[in-house]
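**Q** Sharing a structure with you now.
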Amino acid sequence: MHNPLMGTARMGQIVLTALLSSSCFASVPSGPLSPIQSRHHSKHFELTLTWQTHAPDGFAREMILTNGQFPGPLLEMDEGDEVVVVVHNKMPFNTTLHFHGIEQHLTPWSDGVPGVTQRQIQPSRSFTYKWTATNYGSYWYHAHHRGQLDDGMYGPILIHPKKQLLSPFGLIAKGDQKTLWAIEKAAANPKQVLLSDFRHFTSEEVQELTVASNLELPCYDSVLINGKGNVDCWSAEKLASLVRPDQAFLLQAANVTSMTAKGCLPLKVLTTVLSPGAPTNVSGIPPELFDVCTPTTGSKEIITIEKKSCEKVKWVALDLVATFGLLTATFSIDETPMYVYAVDGEYIEPQLVQAISLTNGDRFSVLVRLTTLGDYTMRVASTAAIQFLAAHGTLSVKSPDTKNSPPTSPRESIPYINDGGDPLSPNVTFFNQTVQKPFPPEPIPQKADKTYKLHLRLVGPGWAVNETPFPLSEDNNMGQPTLFQPPLAGIDNKNLTITTENGTWVDLVFITATIPMPAHPIHKHGNKMRMIGFGGGDFKWDSVDEAIKDVPENFNLVDPPKRDGFATPQAVTGPTWMAVRYQVTNPGAWLLHCHIQSHFLLGMSMVIRDGVDAWPVVPGEYLAMA
Ligand SMILES: *[C@@H]1O[C@H](CO)[C@@H](O)[C@H](O)[C@H]1NC(C)=O
Ligand SMILES: *[C@@H]1O[C@H](CO)[C@@H](O)[C@H](O)[C@H]1NC(C)=O
Ligand SMILES: *[C@@H]1O[C@H](CO)[C@@H](O)[C@H](O)[C@H]1NC(C)=O
Ligand SMILES: *[C@@H]1O[C@H](CO)[C@@H](O)[C@H](O)[C@H]1NC(C)=O
Ligand SMILES: *[C@@H]1O[C@H](CO)[C@@H](O)[C@H](O)[C@H]1NC(C)=O
Ligand SMILES: *[C@@H]1O[C@H](CO)[C@@H](O)[C@H](O)[C@H]1NC(C)=O
Ligand SMILES: *[C@@H]1O[C@H](CO)[C@@H](O)[C@H](O)[C@H]1NC(C)=O
Ligand SMILES: [Cu+2]
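All letters in the sequence shown, in the order written, are residues -26 to -1, 1 to 600 by mature numbering (1 follows the signal peptide of the UniProt record, and there is no 0).
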């Protein structure tokens, strides 16, 4: 076990100032540090949403801009701040805004889920979200209405931790005080790196085609880093060289020989292998959606880091935010290992890795140690079976003192991964969630009060977390959000709702009921969860407690990972399961859903009415707001 005392609390300014000796130490935290007992402030943001032509990857289409930009602006604040976000809907359709991973403690009406916590915001109307920044770390905001996330409605959130917070940076600095200061300074000002997939069709066009064809249509056009990228059409040889066994199996089963020019599984795989027997109609699907690839020049994200010649080592922190609508992808920076120090906003025992697999909604905060000037390629490459797609950006380490700067080397940096997201050598270590430990340790009880077994299924063309696909918001509850209904009254659809009591510990066990089944990144609103176990085969027990007696090796009740979303294990030949545990401490109506946009749109959601015995009273202004 590690020693929590090895963590560090940030130092006061006086001590630091006294220790600043050379000009090089200008890189040690020098700005005014807040008093140890920092007062909580109010932070006010205005976000204006417009539907405009924009070309993030070089292809112009109508999409959602936030304050005229894409991705939306960073919302930056301190832990404990009272936050007000006023959303002005200047778009020609309804919308809502969700703050991903933000607890909304005592403010469930600001969670942004239409039909569950609010009514939709109509065109030319505004809505005021008010919440407290109860946690520190990396979060993001995005549309929660229909497929608007895929139209570009998202941006990052950064919550600076309280100064006295115990941090894991001492475990990286290993007793070296200067290293510790350099790391703390870097982590106080992380650079946002948003990783997205992007499509040339609007979300509503895709939704119409989905309904007309009776098929899920999961093929995109580009991957973006901070909203920049291009369409890069790969040769048939390159695509063939990257095909993995699971893809080869699917291609062969459909009697097709290769991925499409866009790097997608051909429609025939979808109609014959993935939706066998379902009545589908592909005649209305434009060839540009799956087959035809048209290259664009687009643009490339360059993150410039200034490294003074007297600084031997420059530490930089990056907040990686996976805003993907569909893809799971590998992220890696050539020749640059990453210390992962926080996941979904919260500190962990650091892991030193060369690559990270990210799925929808994930946040990874990493520190990199830069010693040599030059350009290093940042790579994001899809690992989803459905499509090959990658983006490259540049981490450019430059000297500010130009007279001393060496001639720029034309050398290409050496990659750890290929464009298929696979490691290029056995030396490449990926982040391992199984051994992701909260820092400092956070014990959990050995037993829960209640167990809910939830069956993930494909129901016709729809997806379900439980028995029944969830209706899209406008059909739900006949316009009356769940949160606005009396908590102790009966509920409309028991298949779509779980009700819990405040203070209790709850286990959710997700079981794949349709085989084969892809991984589903399940996100819970309102709180983080601990992933206490997973495995293959049927979950034949009634509770985790019973299961542990039979298969103790599948569980970790000591230091399980904590996140606001966990991906269920993919089921290829037989069922799989995953168990998460949380305590109900945040009464309210919370959505539990798959974060893959096409699955979400096809119904993969349900509502957990947490702590109905202790629901806060919805303020009148929210009951009235629409
Ligand atoms: C837009 O929102 C309003 C208010 O919530 C709702 O009555 C209306 O049906 C919505 N319109 C559409 C097209 O969903
Ligand atoms: C693939 O080809 C085999 C042999 O020709 C045939 O039996 C099978 O039905 C075909 N499958 C599909 C999905 O076309
Ligand atoms: C299939 O889709 C096309 C284009 O959307 C439509 O014209 C046609 O009527 C559909 N066929 C069937 C059998 O539904
Ligand atoms: C892997 O690491 C070993 C030991 O550090 C080194 O000798 C070897 O060259 C590395 N291999 C590759 C492919 O990078
Ligand atoms: C992750 O860690 C677990 C526990 O040590 C180990 O069993 C597993 O093989 C590791 N996974 C990878 C991909 O390294
Ligand atoms: C609830 O689930 C059961 C079992 O799958 C199903 O028979 C029933 O029709 C569902 N009810 C609703 C209202 O969808
Ligand atoms: C809900 O439960 C938590 C944990 O037991 C407790 O701290 C909190 O006060 C409760 N909330 C209400 C409103 O009773
Ligand atoms: Cu899913």
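Glycine included, each C-beta is placed from N, C-alpha and C at the ideal position.
1) Please report the distance separating the alpha-carbon of K148 from that of G395.
2) Cβ of T304 within 9 Å of Cβ of I199?
3) Give every residue of the same chain whose Cβ lies closer than 7 Å to the Cβ of P3, excluding the five residues on either side of it in the sequence, and list them in chain order.
4) Going along the chain, which unbroken runs of the beta strand (DSSP E) with 3 or more residues stay wholly within the segment 412 to 500?
5) Could you give the residue range of the alpha helix (DSSP H) that holds H573?
6) Does DSSP classify N528 as helix, strand or coil?
7) Just to confirm, is the Cβ distance from D171 to S196 under 9 Å?
8) Does DSSP put I131 in a helix, in a strand, or in coil?
9) Could you check whether H28 and L71 sit closer than 9 Å to each other, using their CB atoms as the reference points?
10) Is the beta carbon of H134 closer than 9 Å to that of E50?
11) Applying the criterion that 16 or more other CB atoms from any shown protein chain within 10 Å of the CB defines a buried residue, is D584 buried or exposed?
12) Label H18 either buried or exposed according to how many other C-beta atoms from any shown protein chain fall within 10 Å of its C-beta, with 16 as the threshold for buried.
13) Using three-state DSSP, classify G(-15) as helix, strand or coil.
14) Measuring straight from C-alpha to C-alpha, what distance separates T471 and T333?
15) Is K427 a contact residue of ligand 6, with contact defined as CB to any heavy atom under 8 Å?
16) Could you pull the start and end residues of the beta strand (DSSP E) that F19 belongs to?
17) Please report the distance separating the alpha-carbon of Y350 from that of I276.
18) Does the beta-carbon of A588, which I'm using as the reference point, lie nearer than 8 Å to any heavy atom of ligand 7?
19) What residues in its chain sit with their C-beta under 8 Å from that of G500, if we drop five residues either side in the sequence?
20) Specify, as a first and last residue, the run of the alpha helix (DSSP H) that F223 falls within.
21) Give the secondary structure of T408 by DSSP, where H, G and I count as helix, E and B as strand, and everything else as coil.
22) If we require 3 or more residues per run, which beta strand (DSSP E) segments fall completely within the segment 337 to 407?
23) Output needed for V61: all residues of its chain with C-beta closer than 6 Å, excluding positions within five of it in sequence on either side, in chain order.
24) Would you mind giving the Cβ-Cβ distance between V247 and A228, rounded to the nearest angstrom? I have them listed as a contact below 8 Å.
25) Mapping DSSP to helix, strand and coil, what is F143?
26) Which residues end up in the neighbourhood of ligand 3 when you take C-beta atoms closer than 7 Å to any of its heavy atoms?
27) Can you tell me whether A228 sits near ligand 2, meaning its C-beta is under 8 Å from at least one heavy atom of the ligand?
28) Taking Cβ positions, are F529 and G507 nearer each other than 9 Å?
29) Three or more C-beta pairs closer than 8 Å, one from the segment 478 to 492 and one from the segment 507 to 526: is that the case here?
30) Measuring alpha carbon to alpha carbon, tell me which residue in L241, T106, F298 and L369 is nearest H15.
31) Within 10 angstroms of its Cβ, does K523 collect 16 or more other Cβ (buried), or is it exposed?
32) Between which residues of its own chain and N476 is the CB-CB distance below 6 Å, once the five residues before and five after are set aside?
33) If you measure between the beta carbons of T254 and T268, is that distance less than 9 Å?
34) Quick one: is the Cβ of T246 within less than 8 Å of any heavy atom of ligand 2?
35) Between P461 and the rest of its own chain, which residues show a CB-CB distance below 7 Å, the 5 nearest in sequence each way excluded?
36) DSSP state of I157, grouped into three classes?
**A** Per the coordinate set shown:
1) 32 Å
2) no
3) Residue placement at P3 is flagged as unreliable, the pLDDT there being 46, under the threshold of 50; a coordinate-derived value is accordingly withheld.
4) 424 to 433, 436 to 438, 471 to 473, 479 to 486 and 495 to 498
5) Q571 to L575
6) helix
7) yes
8) strand
9) no
10) yes
11) buried
12) exposed
13) Caution applies to G(-15), whose pLDDT of 33 falls short of 50 and renders its modelled position unreliable; the value that the coordinates give is listed next. Reduced to three states, the DSSP call for G(-15) is coil.
14) 26 Å
15) no
16) S16 to H28
17) 10 Å
18) yes
19) E77, Q78, P82, D85, N560, G562, W564, I582 and D584
20) P219 to A227
21) helix
22) 337 to 344, 348 to 356 and 364 to 372
23) L21, L71 and F101
24) 5 Å
25) helix
26) A186, N255, S257 and G258
27) yes
28) yes
29) yes
30) T106
31) exposed
32) V558, P561, G585, D587 and A588
33) no
34) yes
35) R583, V586 and W589
36) helix
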